[in-house]
Structures are given as structure tokens and as C-alpha cells.
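Colleague:
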Amino acid sequence: MVKNPQTPIARVSGRKIDLEGHRPTWAEIDLDALAANFRAVRARAGVGVMAVVKADAYGHGAVACARRLSEERADWFAVALPEEGLELRQAGVEEPVLCLEGFWEGQAGLCLQQRLTPAVYQREVAEALNRAASAAGVVADVHVKIDTGMGRLGVRVEDAAGFAVVMRELKSLRVDGLMTHFAAADDAAQEDFTGDQLARFGEASEAFAAQGHQPRFMHLANSAAIFACPPAHGTLVRPGGVLYGLWRDVLRPPPPQIGTKTPPPLRPVMSLRSRVTLLKTISSGETLGYGCTFKAARPTRVATLPIGYHDGYPRHLSNRGRVIVRGQFAPVVGRVSMDLTLVDVTDIAGVEVGDMVTLFGVDTDLSLPAEELAASTGTISYEITCGVSRRVPRIAVSRQPSAVS
Ligand SMILES: *Cc1c(COP(=O)(O)O)cnc(C)c1O
3 MVKNPQTPIA RVSGRKIDLE GHRPTWAEID LDALAANFRA VRARAGVGVM AVVKADAYGH
63 GAVACARRLS EERADWFAVA LPEEGLELRQ AGVEEPVLCL EGFWEGQAGL CLQQRLTPAV
123 YQREVAEALN RAASAAGVVA DVHVKIDTGM GRLGVRVEDA AGFAVVMREL KSLRVDGLMT
183 HFAAADDAAQ EDFTGDQLAR FGEASEAFAA QGHQPRFMHL ANSAAIFACP PAHGTLVRPG
243 GVLYGLWRDV LRPPPPQIGT KTPPPLRPVM SLRSRVTLLK TISSGETLGY GCTFKAARPT
303 RVATLPIGYH DGYPRHLSNR GRVIVRGQFA PVVGRVSMDL TLVDVTDIAG VEVGDMVTLF
363 GVDTDLSLPA EELAASTGTI SYEITCGVSR RVPRIAVSRQ PSAVS
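Read the sequence shown against our numbering and you will find it ends at 407, with the numbers running on by one and no gaps.
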């Protein structure tokens with residue numbers, strides 16, 4: 003289905019993957035898992051859900067994910083940048099879209115035209131949007147972002163009252179939302195810090211109420227806070243990672259074992275796959291790959307996979323990662339290179355050229371979570387899925403045929 007290998011999203015029905023003679027390396031996006039995770043989050047939160055699809059839905063493909071989440075009745079979508087919001091609008095997504103970082107100088111018109119609601123937290127930027135809205139004869143909704151402790155973006159709590167006055171004077175803007183972002187909601191040891199953030203948000207809300215603002219939306223909770231901090235649910239929650247089944251490194255308490263057969267309560271949405279393209283047996287004492295870092299201690303059956311670090315498979319997994327082949331784990335041997343990776347399949351019977359290989363995700367009853375790759379490379383699962391490059395086509399699959407048409 004991938005006519006043009008640059009196409010970031012290809013859709014197929016069912017589980018038959020057809021790459022039409024292109025390199026057989028793809029990221030399978032399980033939209034049914036996404037939908038199931040969404041329902042679990044909504045049940046947990048009990049309030050409206052703003053699905054965070056920034057950064058191309060954490061690498062999963064924002065358009066395909068937003069379309070499915072829209073069928074599941076997501077109330078809002080959140081992106082980082084207005085251009086990400088534009089991509090959703092061009093794909094026909096109609097729900098309200100919040101731009102979490104606000105917008106840049108040249109983008110006030112874009113926000114108005116595309117009905118993108120920006121987060122605002124700077125006077126000059128609010129004034130620029132006010133001028134554009136006034137010139138267009140409209141009143142634009144904005145969400146004011148409060149910095150309660152993250153220290154990245156937002157109005158400082160001590161400046162909230164002053165900002166509420168400024169916003170009251172900008173007649174072409176309406177403060178329809180107040181928001182903040184938690185720094186450590188995933189960490190039980192920092193519960194007090196999270197509690198302080200919640201209290202500061204309360205202060206800022208009062209300051210806005212005192213100036214007559216009546217925002218319909220009060221939102222604070224990211225994935226971690228949805229599960230760990232019910233008092234922070236507000237009127238809308240903002241899950242990202244949990245929708246994509248990335249939870250082991252953001253929800254507490256972390257379960258002790260990863261990479262086991264135990265099905266997680268949230269299902270991984272992305273599975274990174276490839277196929278064996280070459281098989282050989284090397285003799286004991288031979289080495290593999292750049293730097294000759296792997297030396298065979300026995301006659302070794304080696305499979306070559308057409309995927310490398312340019313695709314987002316971390317080079318740090320050289321001689322330490324593992325993949326799933328024929329329902330078993332096979333270790334990565336030698337250095338992961340830019341376009342190719344080698345695995346040892348000596349102990350797996352019957353491996354053939356063309357066999358499917360899972361580099362992370364789920365494969366029948368085995369699970370190899372992105373969190374495991376993250377833990378072995380010193381990062382979090384979000385960076386693993388975000389890091390799967392554009393060279394890898396996303397193939398959305400669903401048992402619900404309408405979802406992938
Ligand atoms: C990315 C982001 C989220 C989602 O965070 P997760 O940990 O993925 O749930 C929520 N709110 C803001 C402001 C964000 O930047």
C-alpha cells in the first residue's frame with residue numbers, strides 16, 4: 003500500500019501488510035489498541051479527554067490516531083505547534099485543537115483561520131492575537147497556561163492576577179481555559195511537590211475568577227496524574243503516553259518485570275517490525291559488524307535485518323538488544339549500523355529469509371515493550387517511539403474496517 007515510501011501513513015485493512023516490493027520495515031499502528039487505551043483512560047478520568055497527539059502522536063502518526071480517537075469521541079486534541087494543528091484540520095479533524103506551546107509571531111492568522119486554540123502566557127503574544135481577532139471581527143478563545151512549578155512555559159503564579167487584568171482588557175479574546183502541567187506526577191516521592199502545584203493552580207484560578215473570567219475548561223492532568231492524582235482531573239484531562247500504551251515508565255508504581263508474557267493493562271500501539279533478509283552461519287571465532295565487537299563462541303546462525311539507527315533503532319542496543327523471531331527472543335549481535343542490524347538466531351529452529359521480526363511491541367503472545375529498549379538505552383519510551391524516523395512507513399491496522407479506509 004506504500005506507493006510512495008515518503009508517505010508517513012499507509013493504511014491497510016486487517017493484518018495483511020503489503021509493502022509492494024519496498025523494504026519490509028514498518029511500524030504497525032494498532033488502532034484498536036489505541037481505542038481500548040482511550041476508553042480505559044476515559045473511564046479512569048470520568049471527565050472530558052483532550053488527546054495529546056503532538057509530535058505526530060509520539061511518532062505513531064497524528065492523522066490516523068486522531069481520526070480513530072475522534073470516532074471514540076475524544077473531546078479535544080492537543081498539539082505542540084499550530085502547524086501540527088493545521089495537519090489535523092487538513093485531514094478533516096473537526097474537534098477543538100489546543101496548541102500547547104502557543105504560537106509564533108507569524109501564526110496568529112493561522113490560528114484564527116483554522117480554529118486552533120492557543121495556550122497563551124505572554125502579554126505581547128496575547129495582544130498580537132487580540133489585534134488579529136479584532137481585525138477579523140471575531141472573539142478568539144485562548145487557554146491561559148500557568149507555571150506552577152514546571153518552569154518551562156506559563157504565567158508565574160505571582161503574576162496571575164496581573165495577567166488576568168491584561169486578559170480582561172483584550173476584548174477580542176476570551177479566556178476559555180486555564181491549564182498547568184505537572185513536573186513529577188509519576189513520582190510518589192514527589193507527591194508534596196505535585197500537591198503544591200495543585201494548590202498554586204487553585205490560587206491562579208481564583209485570581210482569574212476575581213477578574214470575571216469564567217473558563218469552561220480547567221485542565222492539569224497528564225498521563226501520570228490521571229492515574230496517580232484524581233484531585234487533579236479538573237474538567238478535562240490531557241493524556242499522551244498512556245493512549246499509546248506507553249505506561250511502564252510514566253505510571254507508578256512501576257511493575258517489577260518488563261518484557262514478560264503478562265498482558266499490560268494498556269496495550270502497546272506501535273510495533274516496529276522488519277523481516278529477515280539474509281541468513282548465514284559463521285564459524286566459531288569469526289566477528290560481526292563494525293569494530294568487530296561480537297566474536298562467535300560457537301558456530302552461529304546470523305540473520306540480517308534491514309533496519310538501523312537511522313530508522314530509530316538505537317545504536318546503543320549493539321550487543322544488548324533483543325528482538326522477537328518465530329515467537330522467541332533473539333539477541334542483537336555486533337553494532338547496530340545506520341541501515342542494518344544483525345541478530346543471533348542459532349537457538350531458534352526453522353528461521354527463514356522473509357520471517358517477520360519484531361524489534362519492539364507485541365508479536366502474538368510475546369511482548370517486547372518500548373520501555374525495555376528505553377531502559378537499556380537510558381531514556382523513556384516516548385523517545386523510542388518519537389525516534390522512529392520518517393523512513394519507516396506507519397501502517398495502521400484495525401479489525402474495524404471503517405477505521406482504516
Ligand atoms: C505532552 C504533554 C502532555 C501529555 O503528557 P503525557 O505524559 O504523555 O501524558 C500533557 N500536557 C502537556 C502540556 C504536554 O506538553
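Glycine included, every Cβ here is placed at the ideal spot set by N, Cα and C.
State the DSSP-derived secondary structure class of residue 276, mapped to helix, strand or coil.
Modeller: Here residue 276 refers to the residue found at position 274 when the sequence shown is read from its first residue. Reduced to three states, the DSSP call for residue 276 is strand.
Colleague: How long is the line joining the alpha carbons of residue 350 and residue 327, rounded to whole angstroms?
Modeller: Position 348 of the sequence shown holds residue 350. Position 325 of the sequence shown holds residue 327. Each residue's Cα considered, the two are about 8 Å apart.
Colleague: Let me know the beta strand (DSSP E) ranges lying completely inside the stretch 328 to 359, each 3 residues or longer, listed in chain order.
Modeller: List check, beta strand (DSSP E) in window: 330 to 333 and 343 to 346.
Colleague: Is any heavy atom in ligand 1 found nearer than 8 Å to the beta carbon of residue 183?
Modeller: Here the question's residue 183 lines up with position 181 in the sequence shown. Yes; taking the cut-off as 8 Å, the Cβ of residue 183 has a heavy atom of ligand 1 nearer than that.
Colleague: What is the rounded straight-line gap between the Cα of residue 367 and the Cα of residue 231?
Modeller: The count along the sequence shown starts at 1 and reaches residue 367 at position 365. The count along the sequence shown starts at 1 and reaches residue 231 at position 229. Spanning the two alpha carbons is a distance of roughly 32 Å.
Colleague: Starting from residue 304 and walking both ways along the alpha helix (DSSP H), at which residues does that stretch end?
Modeller: Counting from one through the sequence shown, the residue named residue 304 turns up at place 302. Here residue 304 belongs to no alpha helix (DSSP H); instead the beta strand (DSSP E) covers 302 to 307.
Colleague: If you check the beta carbons only, do residue 100 and residue 80 fall under 9 Å apart?
Modeller: For the purposes of this step, residue 100 is identified with residue 98 of the sequence shown, where counting begins at 1. For the purposes of this step, residue 80 is identified with residue 78 of the sequence shown, where counting begins at 1. Their beta carbons are under 9 Å apart, which means residue 100 touches residue 80 by this criterion.
Colleague: Helix, strand or coil: how does DSSP classify residue 101 here?
Modeller: Taking the sequence shown and counting its residues from 1, one reaches residue 101 at position 99. In this structure, residue 101 counts as strand in the three-state DSSP scheme.
Colleague: Looking only at its chain, what residues have a beta carbon closer than 7 Å to the beta carbon of residue 34, apart from the 5 residues adjacent to it on each side?
Modeller: Within the sequence shown, residue 34 is the residue found at index 32, counting from 1. Here the set comprises 400, 401 and 402.
Colleague: Find the nearest neighbour of residue 305 within the set 359, 206 and 224, judged by alpha-carbon distance.
Modeller: On the sequence shown, residue 305 is found 303 positions in, with the first residue counted as 1. Ranking 359, 206 and 224 by Cα distance to residue 305 puts 359 first.
Colleague: How is the beta strand (DSSP E) around residue 79 delimited, first residue to last?
Modeller: By one-based count along the sequence shown, residue 79 stands at place 77. Where residue 79 is concerned, the enclosing beta strand (DSSP E) stretches over 78 to 81.
Colleague: So, for residue 364: in the same chain, excluding its five sequence neighbours on each side, which residues have a beta-carbon less than 6 Å away from its beta-carbon?
Modeller: On the sequence shown, residue 364 is found 362 positions in, with the first residue counted as 1. Within the same chain, residue 364 has close Cβ partners 270 and 273.
Colleague: Under 9 Å, do residue 67 and residue 118 count as touching if we go by C-beta distance?
Modeller: Sequence index remark: in the sequence shown, residue 67 carries index 65 (1-based). Sequence index remark: in the sequence shown, residue 118 carries index 116 (1-based). Result no, Cβ atoms of residue 67 and residue 118 do not sit closer than 9 Å.
Colleague: DSSP state of residue 297, grouped into three classes?
Modeller: Position 295 of the sequence shown, counted from the start, is the residue given in the question as residue 297. Three-state result, residue 297: strand.
Colleague: So, under 8 Å CB-CB, residue 310 and residue 281 are touching, yes? Tell me the CB distance rounded to an integer number of Å.
Modeller: As a first step, residue 310 is located in the sequence shown; it is residue number 308 there, counting from the start. As a first step, residue 281 is located in the sequence shown; it is residue number 279 there, counting from the start. With 8 Å as the limit, residue 310 and residue 281 do not qualify as a contact, their Cβ atoms being about 18 Å apart.
Colleague: For residue 340, count the other beta carbons within 10 Å of its own beta carbon; 16 or more makes it buried, fewer makes it exposed. Which is it?
Modeller: Mapped onto the sequence shown, residue 340 falls at position 338. Flag for residue 340 reads exposed.
Colleague: Looking only at its chain, what residues have a beta carbon closer than 7 Å to the beta carbon of residue 47, apart from the 5 residues adjacent to it on each side?
Modeller: Taking the sequence shown and counting its residues from 1, one reaches residue 47 at position 45. Once the five neighbours on either side are set aside, the close Cβ partners of residue 47 are 228, 235 and 239.
Colleague: Relative to ligand 1, is the shortest distance from any of its heavy atoms to the C-beta of residue 102 smaller than 8 Å?
Modeller: Counting from 1 along the sequence shown, the entry for residue 102 is found at position 100. Result yes, Cβ under 8 Å from ligand 1.
Colleague: Let me know the alpha helix (DSSP H) ranges lying completely inside the stretch 160 to 206, each 4 residues or longer, listed in chain order.
Modeller: Within the stretch 160 to 206, the complete alpha helix (DSSP H) runs of at least 4 residues are 162 to 171.
Colleague: Using only CA atoms, which one of 103, 72, 82 and 83 lies nearest to residue 2?
Modeller: Nothing can be reported for residue 2: it is not among the residues displayed for the chain, which extend from 3 to 407.
Colleague: Skipping 5 residues on each side, what residues in its chain have a beta carbon closer than 6 Å to that of residue 279?
Modeller: Here residue 279 refers to the residue found at position 277 of the sequence shown. Cβ neighbours of residue 279 beyond the five flanking positions: 306 and 308.
Colleague: Can you give the beta carbon distance from residue 361 to residue 290, rounded, assuming they're within the 8 Å contact cut?
Modeller: Stepping through the sequence shown from its first residue, residue 361 is reached at position 359. Stepping through the sequence shown from its first residue, residue 290 is reached at position 288. With 8 Å as the limit, residue 361 and residue 290 do not qualify as a contact, their Cβ atoms being about 18 Å apart.
Colleague: Which ranges would you report for the beta strand (DSSP E) in the stretch 104 to 166 if only whole runs of at least 3 residues count?
Modeller: Fully enclosed beta strand (DSSP E) runs of 3 or longer: 118 to 122 and 142 to 149.
Colleague: Indicate, with yes or no, if ligand 1 has a heavy atom lying under 8 Å from the CB of residue 240.
Modeller: Residue 240 sits at position 238 when you count from the first residue of the sequence shown. Indeed, a heavy atom of ligand 1 lies less than 8 Å from the Cβ.
Colleague: Is residue 38 near ligand 1, in the sense that its beta carbon is under 8 Å from a heavy atom of that ligand?
Modeller: Along the sequence shown, read from residue 1 onward, the residue named residue 38 stands at position 36. Every heavy atom of ligand 1 is 8 Å or more from the Cβ of residue 38, so no.
Colleague: At a threshold of 8 Å, does residue 321 count as lining ligand 1 (C-beta to nearest heavy atom)?
Modeller: In the sequence shown, counting from the first residue as 1, residue 321 sits at position 319. It does not: the Cβ of residue 321 is nowhere closer than 8 Å to a heavy atom of ligand 1.
Colleague: Could you tell me which of 206, 284, 42 and 377 sits nearest to residue 156, measuring between CA atoms?
Modeller: Position 154 of the sequence shown, counting from 1, holds the residue named residue 156. Nearest C-alpha to residue 156: 206.
Colleague: Whose C-alpha, out of 242, 77, 213 and 237, is nearest the C-alpha of residue 224?
Modeller: On the sequence shown, position 222 is the one that residue 224 refers to. Comparing Cα positions, the closest option is 242.
Colleague: Shortest alpha-carbon distance to residue 294 belongs to which of 331, 335 and 317?
Modeller: As a working note, residue 294 is residue 292 in the sequence shown. Nearest option by C-alpha distance: 335.
Colleague: Over the uninterrupted alpha helix (DSSP H) stretch that includes residue 53, give me the two end residues.
Modeller: Sequence index remark: in the sequence shown, residue 53 carries index 51 (1-based). Where residue 53 is concerned, there is no enclosing alpha helix (DSSP H), although the beta strand (DSSP E) it sits in stretches over 50 to 54.
Colleague: Return the Cβ separation of residue 382 and residue 189 in integer angstroms, given the expectation that the two are a contact with Cβ distance under 8 Å.
Modeller: Mapped onto the sequence shown, residue 382 falls at position 380. Mapped onto the sequence shown, residue 189 falls at position 187. The Cβ separation is near 13 Å, so there is no contact.
Colleague: At which residues does the alpha helix (DSSP H) containing residue 228 begin and terminate?
Modeller: Indexing the sequence shown from 1 puts residue 228 at position 226. Residue 228 -> alpha helix (DSSP H) spans 225 to 230.
Colleague: Tell me whether residue 239 sits in a helix, a strand or coil according to DSSP, three-state version.
Modeller: As a first step, residue 239 is located in the sequence shown; it is residue number 237 there, counting from the start. DSSP places residue 239 in strand when its eight states are reduced to three.
Colleague: If I follow the unbroken beta strand (DSSP E) through residue 377, where does it start and stop?
Modeller: Reading the sequence shown from its first residue, position 375 is the one you call residue 377. It is not in any beta strand (DSSP E) - residue 377 instead sits in the alpha helix (DSSP H) that spans 372 to 379.
Colleague: Quick test of your reading: residue 245 and residue 53, contact by CB under 8 Å. State the CB separation rounded to the nearest angstrom.
Modeller: Walking along the sequence shown from the start, residue 245 turns up at place 243. Walking along the sequence shown from the start, residue 53 turns up at place 51. Going by Cβ atoms, the distance from residue 245 to residue 53 rounds to 6 Å, so yes, they are a contact pair.
Colleague: Less than 8 Å between the CB atoms is what I'm expecting for residue 198 and residue 176, so what's the real figure, rounded?
Modeller: For the purposes of this step, residue 198 is identified with residue 196 of the sequence shown, where counting begins at 1. For the purposes of this step, residue 176 is identified with residue 174 of the sequence shown, where counting begins at 1. The Cβ separation is near 29 Å, so there is no contact.
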